[in-house]
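Taking it in order: structure first as structure tokens, then the write-up.
Protein chains: 2
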Amino acid sequence: MTKSISENITWHPGHVNRAERELLLGQKACCIWLTGLSACGKSTIAMALEQVLVKRGHAAYVLDGDNIRHGLNKNLGFSPEDRAENIRRISEVAKLFVDAGLIVITSFISPYRADRDQARSLFAPGEFIEVFVDAPIDVCAQRDPKGLYQKALRGEIKSFTGVSPDAPYEAPLSPELHLRTDVQDAASCVSTILHYLEERGYFLREAKSGT
Amino acid sequence: MTKSISENITWHPGHVNRAERELLLGQKACCIWLTGLSACGKSTIAMALEQVLVKRGHAAYVLDGDNIRHGLNKNLGFSPEDRAENIRRISEVAKLFVDAGLIVITSFISPYRADRDQARSLFAPGEFIEVFVDAPIDVCAQRDPKGLYQKALRGEIKSFTGVSPDAPYEAPLSPELHLRTDVQDAASCVSTILHYLEERGYFLREAKSGT
Numbered sequence: 168m169t170k171s172i173s174e175n176i177t178w179h180p181g182h183v184n185r186a187e188r189e190l191l192l193g194q195k196a197c198c199i200w201l202t203g204l205s206a207c208g209k210s211t212i213a214m215a216l217e218q219v220l221v222k223r224g225h226a227a228y229v230l231d232g233d234n235i236r237h238g239l240n241k242n243l244g245f246s247p248e249d250r251a252e253n254i255r256r257i258s259e260v261a262k263l264f265v266d267a268g269l270i271v272i273t274s275f276i277s278p279y280r281a282d283r284d285q286a287r288s289l290f291a292p293g294e295f296i297e298v299f300v301d302a303p304i305d306v307c308a309q310r311d312p313k314g315l316y317q318k319a320l321r322g323e324i325k326s327f328t329g330v331s332p333d334a335p336y337e338a339p340l341s342p343e344l345h346l347r348t349d350v351q352d353a354a355s356c357v358s359t360i361l362h363y364l365e366e367r368g369y370f371l372r373e374a375k376s377g378t
Numbered sequence: 168m169t170k171s172i173s174e175n176i177t178w179h180p181g182h183v184n185r186a187e188r189e190l191l192l193g194q195k196a197c198c199i200w201l202t203g204l205s206a207c208g209k210s211t212i213a214m215a216l217e218q219v220l221v222k223r224g225h226a227a228y229v230l231d232g233d234n235i236r237h238g239l240n241k242n243l244g245f246s247p248e249d250r251a252e253n254i255r256r257i258s259e260v261a262k263l264f265v266d267a268g269l270i271v272i273t274s275f276i277s278p279y280r281a282d283r284d285q286a287r288s289l290f291a292p293g294e295f296i297e298v299f300v301d302a303p304i305d306v307c308a309q310r311d312p313k314g315l316y317q318k319a320l321r322g323e324i325k326s327f328t329g330v331s332p333d334a335p336y337e338a339p340l341s342p343e344l345h346l347r348t349d350v351q352d353a354a355s356c357v358s359t360i361l362h363y364l365e366e367r368g369y370f371l372r373e374a375k376s377g378t
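Chains A and B supply the protein sequences, listed in that same order.
Taking the working numbering as reference, the numbering of the first sequence is continuous, increasing by one, and the terminal residue is 378.
Taking the working numbering as reference, the numbering of the second sequence is continuous, increasing by one, and the terminal residue is 378.
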């Protein structure tokens, strides 16, 4: 064993290229950017999609509040500048994951068109898939799993997207996908995204058998 | 085809767990943290290691100045605070990559023990492998591929690690690996790291045949 890895180590200058990574991972890397109001269903769809992709043998990873706000972006607040920097850093990290060959799924409200367009501008054509996770605000407010809408309506949360006058949600004008979570369940939403990826050739080998 | 992916989409709450990722990628994820003076050989080792790992069928990715300073950390300068924030963000991104199941290789001078220890503290035991890429400063200054030592000695670069009095290099006290690039060539250094990973069970399946 020792001998086999010591021998014949050769390399070319620079990073491993994308084609080598695609061959290894069996997929075209991309960023699936979920955007929508609080409680619209982004997180459920992101987790479900990640799990289904991994079960099918694909390297996929979700960036969300859980792993970003407590780590990389824990030194950011909720001022307009900090919100922009939050999305900027997330988009740069997503770009690194795509460069590494992964399918990365981002799950953030990301309410401003300018921020999302800035994110898109980091990627090559076909690498950025904007998914509008759409539900009417009264449906989201009724779900309200964390009681955030209630708090916002009572004025206990400032600048709450879609509720506070200073925090509008700017719906995507031409997203790659538009999901309606008031009339589609999560499984159907995930299926829609999978079809999109499959039809456009993001999967370079067959799904693992039995999954 | 359409039917096969629409059916039977089920999931559990939360992220894909580490065991599922290890099974998929055939490796235990870790961060290989290279530290050392400018021109000590970090970048060459990082690139070569990445290429050998990918050839052997492993998902590996290098974080370095090329993909970090022009992207995620382009809004940081070289003040002490910004240097600390630079390493903090890099370590948080490395943690995300490890969480995603990858072998991530970081290639930064990272001169301060406190910053490297802070990085280490983000990881579980066995996930952080500090590699001291060691060469005497006169050897590094003689190599000087970018002419940076010359500029620093002429005073054209401030706070240049190892040259400027205000920018010391704090050598690791107990790194997992200590490579001596004045007496070992890059292939030998890469081999040392591969043996370390192999002996400690980071590779969960055989290397691809022929590589």
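Every residue, glycine too, gets a C-beta built ideally from N, C-alpha and C.
Checklist entry - What does Asn234 (chain A) touch in chain B if you count any residue whose Cβ is under 7 Å from its own? => result Leu263, Asp266
Next on the checklist: Using the Cβ count rule (16 or more neighbours within 10 Å means buried), how would you classify Arg367 (chain B)?
Outcome noted: exposed
Item to check | Residue burial classification, Arg250 (chain B) (beta-carbon count within 10 angstroms, cutoff 16) | outcome: buried
Checklist entry - Looking at the C-beta of Pro180 (chain A), does it have a partner C-beta in chain B at a distance below 8 Å? => result yes
Checklist entry - Asp333 (chain A) by DSSP, collapsed to three states: which one? => result coil
Item to check | DSSP bridge partner residues for Ile324 (chain A) (one or two, in chain order) | outcome: Answer is none; Ile324 (chain A) lacks a bridge partner.
Item to check | Residue environment, Ala267 (chain A), which counts as buried when at least 16 other CB atoms sit within 10 Å | outcome: buried
Checklist entry - What is the C-beta distance between Phe299 (chain A) and Ala338 (chain A), in whole angstroms, given that I count them as a contact (C-beta under 8 Å)? => result 6 Å
Checklist entry - From the beta carbon of Tyr228 (chain B), is the nearest beta carbon of chain D less than 8 Å away? => result Included in the structure are the protein chains A and B, with no chain D among them.
Item to check | Cβ distance (whole Å) where Cys197 (chain A) is taken to contact Ile254 (chain A) below 8 Å | outcome: That belief does not hold up - the Cβ atoms of Cys197 (chain A) and Ile254 (chain A) are roughly 18 Å apart, past 8 Å.
Checklist entry - If you compare alpha carbons, which of B:Ala302, B:Val357, B:Ile360, B:Gly314 is closest to Leu204 (chain B)? => result B:Ala302
Checklist entry - What separation, rounded to the nearest whole angstrom, lies between the Cα atoms of Trp178 (chain B) and Lys241 (chain B)? => result 38 Å
Checklist entry - Helix, strand or coil: which one does DSSP assign to Phe264 (chain A)? => result helix
Checklist entry - So which residues of chain A does Arg256 (chain B) contact, with C-beta pairs closer than 7 Å? => result Leu239
Next on the checklist: Please state whether the Cβ-Cβ distance between His182 (chain A) and Glu259 (chain B) is less than 8 Å.
Outcome noted: no
Checklist entry - So what does His345 (chain B) bridge to, in DSSP terms? => result B:Phe299
Next on the checklist: For a test of your reading of the model: does the CB of Gly293 (chain B) fall under 7 Å from any non-hydrogen atom of the ligand HEM? Yes or no.
Outcome noted: You won't find the ligand HEM in this model; it holds no ligand whatsoever.
Checklist entry - Going along the chain, which residues of its own chain have a beta-carbon closer than 7 Å to the beta-carbon of Leu364 (chain B), five neighbours each way excluded? => result Phe370
Checklist entry - Between the C-alpha atoms of Thr273 (chain B) and Leu190 (chain A), what's the straight-line distance to the nearest angstrom? => result 23 Å
Checklist entry - Which chain B residues are close to Gly244 (chain A), counting only those with a beta carbon under 7 Å from its beta carbon? => result What Gly244 (chain A) touches in chain B: nothing, since even the nearest Cβ is about 16 Å away.
Checklist entry - Alpha carbon to alpha carbon, how far is Lys325 (chain A) from Tyr316 (chain A)? => result 11 Å
Checklist entry - Mind checking whether Val350 (chain B) and Val219 (chain B) have CB atoms under 8 Å apart? => result no
Item to check | Leu192 (chain A) vs Ala226 (chain A) beta-carbon contact at 8 Å | outcome: yes
Next on the checklist: To the nearest angstrom, how far is the alpha carbon of Ala261 (chain B) from that of Leu230 (chain B)?
Outcome noted: 8 Å
Item to check | Under 8 Å from the C-beta of Leu192 (chain B): neighbouring residues of chain A | outcome: Ala226
Checklist entry - So Ser274 (chain B) is in the beta strand (DSSP E); what residue range does that whole segment cover? => result 270-274
Checklist entry - If you check the beta carbons only, do Thr328 (chain B) and Tyr336 (chain B) fall under 8 Å apart? => result yes
Checklist entry - When the Cα atoms are used, what is the spatial distance from Leu239 (chain B) to Leu239 (chain A)? => result 11 Å
Next on the checklist: Can you tell me which residues form a DSSP beta bridge with Tyr316 (chain B)?
Outcome noted: Its beta-bridge partners do not exist; DSSP assigns none.
Checklist entry - When the Cα of Glu297 (chain A) is compared with those of A:Ala215, A:Val306, A:Gln309, A:Arg283, which residue comes out closest? => result A:Arg283
Next on the checklist: Distance check for Leu263 (chain A) and Ser210 (chain B), CA to CA, integer angstroms please.
Outcome noted: 17 Å
Item to check | Simplified DSSP assignment, three categories, for Cys207 (chain B) | outcome: coil
Checklist entry - Is the shortest distance between the beta-carbon of Leu269 (chain B) and the beta-carbons of chain A less than 8 Å? => result yes
Next on the checklist: Just verifying my parser: in three-state terms, what is the DSSP assignment at Asp311 (chain A)?
Outcome noted: coil
Checklist entry - When DSSP builds the beta bridges, which residues end up paired with Asp231 (chain A)? => result A:Ser274
Item to check | Simplified DSSP assignment, three categories, for Thr169 (chain A) | outcome: For Thr169 (chain A), the predicted structure reports a pLDDT of 41, less than 50, and the residue's modelled location is therefore unreliable. The matter cannot be settled from this model.
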